[in-house]
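Residue numbers (the UniProt record's numbering), protein chains in the order written: chain A, 1 to 256; chain B, 1 to 256.
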DNA sequence: GCGTTTCGTTCGGGTGGGCCGAACGAACGT
DNA sequence: ACGTTCGTTCGGCCCACCCGAACGAAACGC
């Protein structure tokens with residue numbers, strides 16, 4: 001009765017269902033049994049059994065008559081990012097960078113062909129956007145992502161850029177050749193701009209974090225509205241500060 | 001062939017196995033198929049199938065010939081704590097508090113009878129301890145936990161303190177009556193001390209975060225070594241600052 | 001106050017798939 | 001070149017996952 005057919009052989013259906021439920025709860029903040037059963041196309045009793053199991057394990061908690069995500073995921077998430085040397089190396093330095101620039105800063109690593117923010121520092125002028133810790137983004141639409149693409153292996157880059165380049169704004173670079181040209185420029189000067197390529201009205205400056213053996217660990221950026229990110233400040237001073245911070249973080253990451 | 005027997009009726013075994021694998025990876029940073037199969041008492045092929053499924057979902061990633069936790073957990077963990085109004089309310093204020101006191105600060109909420117740190121601010125004098133984001137602690141062994149116990153419903157307190165009170169140091173309050181007396185004191189003066197009750201050589205000052213309708217949302221604390229946490233500073237000045245911060249956070253949490 | 005709806009939960013029964021053991025292939029290290 | 005150990009694949013058995021139906025509780029409207 002499943003409409004799928006996308007079952008790779010030798011995979012566990014129950015696990016997929018459990019995580020499907022978890023993700024449903026994540027996307028709705030909290031969910032009830034019937035709602036989940038309807039949305040996922042499973043029976044109420046099945047949804048109930050999964051939730052009972054997840055609750056017993058501590059991964060979901062009851063909130064009145066609904067279920068919410070348990071804080072055990074916080075522990076898992078922390079372990080996941082602690083693996084990355086870049087995380088420890090960037091913490092203090094990013095705070096300094098954000099203070100100096102006065103705009104939001106973020107640290108990104110690549111996973112499964114997408115960029116994941118593992119650390120984020122808010123600036124004084126708190127500007128709400130949709131990016132949180134753990135948010136994933138298309139690499140070609142951000143300054144952090146382009147920094148990464150510019151400095152990773154060509155082989156890996158081809159794997160990542162294999163498919164269609166999604167277009168998020170009118171300025172998104174969705175042509176592969178144009179993107180390669182942009183990456184060459186970034187590779188040459190050592191940092192990347194983002195001029196409203198992901199969100200209209202937002203600009204950013206990013207730079208790669210390189211280990212001492214030239215392998216790329218991830219990248220960092222600061223981002224703010226076009227009203228403040230402009231002129232000499234945006235084109236030379238901020239890039240100077242970002243690349244300097246990236247150098248320091250790279251060094252700290254290699255000696256950890 | 002399972003040695004357990006602890007299967008509550010109507011729960012999904014495959015889900016338990018999958019999360020068992022995830023937790024094994026967490027505890028070992030990275031694990032291989034055979035290692036997991038041995039430690040969990042399952043066959044290699046079963047472990048393989050679970051890992052294949054988890055990898056397909058993006059919750060584990062291959063690292064050479066081992067598996068590590070994927071950053072998808074970071075997203076889930078962030079959503080789990082974002083549910084708590086206390087998290088947003090405490091961010092800026094805790095940083096200020098830590099700067100003023102000069103010692104590490106943490107924010108705790110209760111889940112399943114244990115305390116979970118959802119935010120932590122390191123101080124200048126970086127002191128390494130074993131507590132991270134997502135760490136769980138016994139409530140009766142910390143200043144945050146005792147603050148919570150002192151101000152939550154009596155009914156809830158009885159549920160939580162039902163079992164044995166684990167003893168972590170010679171100073172841990174492991175007697176129920178003594179603990180109740182301590183809680184009464186805390187309730188009266190509005191804040192809690194921790195004098196080497198969890199880790200020898202560490203002291204802390206904690207205070208509850210109360211919503212305007214007197215319900216408790218969690219608690220905060222600052223903690224440092226006994227060499228610095230002493231005298232008038234520890235006994236009156238720090239408590240003053242902690243309770244003041246707690247008041248502000250409580251107000252911010254109710255109007256969010 | 002009573003019908004109505006919708007919630008979460010429990011209960012069996014059927015069968016699909018999860019689990020295992022054995023075999024295979026590759027990568028080391030000696 | 002050998003032995004060991006890794007990850008992976010392949011069949012088959014039988015258990016447990018999934019479902020549908022029935023139950024109990026709570027919240028609604030008339």
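All residues carry an ideal CB built from backbone N, CA and C; glycine is no exception.
- When DSSP states are grouped into helix, strand and coil, residue 226 (chain A) belongs to the coil group.
- Only those residues of the segment 62-84 of chain A whose C-beta falls short of 8 Å from the nearest C-beta of chain B are listed: 68, 69, 70, 71, 72, 73, 74, 75, 76, 77, 78, 79, 80, 81, 82, 83.
- Under the Cβ criterion (8 Å, minimum of three pairs), the segment 198-207 of chain B counts as touching the segment 220-228 of chain B.
- Here residue 20 (chain A) carries a helix assignment [DSSP, helix/strand/coil].
- Boundaries for residue 180 (chain B): no beta strand (DSSP E) harbours it, while the alpha helix (DSSP H) harbouring it runs 176-189, taken from the DSSP string.
- Counting C-beta atoms within 10 angstroms of its own C-beta, residue 182 (chain B) has 16 or more neighbours from the protein chains shown and is therefore classed as buried.
- Remark: C-beta atoms of residue 143 (chain A) and residue 89 (chain A) do not approach each other more closely than 7 Å.
- Beyond the five residues adjoining it in sequence on each side, residue 58 (chain A) comes within less than 6 Å, by CB distance, of 70, 72 in the same chain, given in chain order.
- Against chain B, the CB of residue 111 (chain A) has a partner CB under 7 Å away; the residue lies at that interface.
- In this structure, residue 85 (chain B) sits away from residue 63 (chain B), with a CB-CB distance that is not shorter than 7 Å.
- Taken in chain order, the unbroken stretches of alpha helix (DSSP H) that lie wholly in the segment 104-176 of chain B and span 4 residues or more are 143-151, 154-160.
- Per DSSP, residue 78 (chain A) lies in no beta strand (DSSP E) segment; the continuous alpha helix (DSSP H) that holds it begins and ends at 72-82.
- Its Cα nearest to that of residue 252 (chain A), the residue A:92 stands out among A:27, A:92, A:180, A:16.
- Within its own chain, the residues whose Cβ lies closer than 7 Å to the Cβ of residue 250 (chain B), once the five positions on either side in sequence are excluded, are 209, 210, 211, listed in chain order.
- Taking a contact to require three or more Cβ pairs closer than 8 Å, the segment 153-165 of chain B and the segment 92-110 of chain A do not qualify as touching.
- Look at residue 10 (chain B) here: in three-state DSSP terms it is coil, with no helix or strand label.
- For the pair residue 187 (chain A) and residue 141 (chain A), the CB atoms are not nearer than the 7 Å cut-off.
- If you compare the alpha carbons of B:256, B:239, B:254 with that of residue 97 (chain B), the shortest gap goes to B:239.
- If you look at residue 92 (chain A), you'll find it in the alpha helix (DSSP H) that goes 85-101.
- Out of B:38, B:131, B:225, B:10, the CA that lies nearest to the CA of residue 44 (chain A) is found in B:10.
- Rounded to the nearest whole angstrom, the C-alpha separation of residue 145 (chain A) and residue 38 (chain B) is 39 Å.
- Residue A:51 holds the alpha-carbon nearest to the alpha-carbon of residue 21 (chain A) among A:12, A:51, A:168.
- Under the criterion of beta carbons closer than 8 Å, residue 165 (chain A) and residue 179 (chain A) qualify as touching, at roughly 7 Å.
- Taking a contact as a CB-CB distance under 8 Å, the pair residue 121 (chain B) and residue 95 (chain B) counts as one, their CB atoms being some 6 Å apart.
- With a threshold of 16 other beta carbon atoms within 10 Å, residue 112 (chain A) falls short and is exposed.
- With 16 or more other Cβ atoms inside 10 Å of its own Cβ, residue 75 (chain A) counts as buried.
- Collapsing the DSSP output to three states places residue 68 (chain B) in a strand.
- Residue 79 (chain B) and residue 241 (chain B) have their C-alpha atoms roughly 30 Å apart.
- Listed by position along chain B, the residues whose Cβ is nearer than 9 Å to that of residue 18 (chain A) are 12, 14, 15, 18, 19.
- In this chain, the alpha helix (DSSP H) harbouring residue 250 (chain B) covers 238-254.
- By the 16-neighbour rule on beta-carbons within 10 angstroms, residue 176 (chain A) is exposed.
- Residue contact with chain A for residue 215 (chain B): absent (no Cβ-Cβ distance below 7 Å to any residue of chain A).
- Selection A:99, A:163, A:117 evaluated against residue 124 (chain A) yields A:99 as nearest (Cα-Cα).
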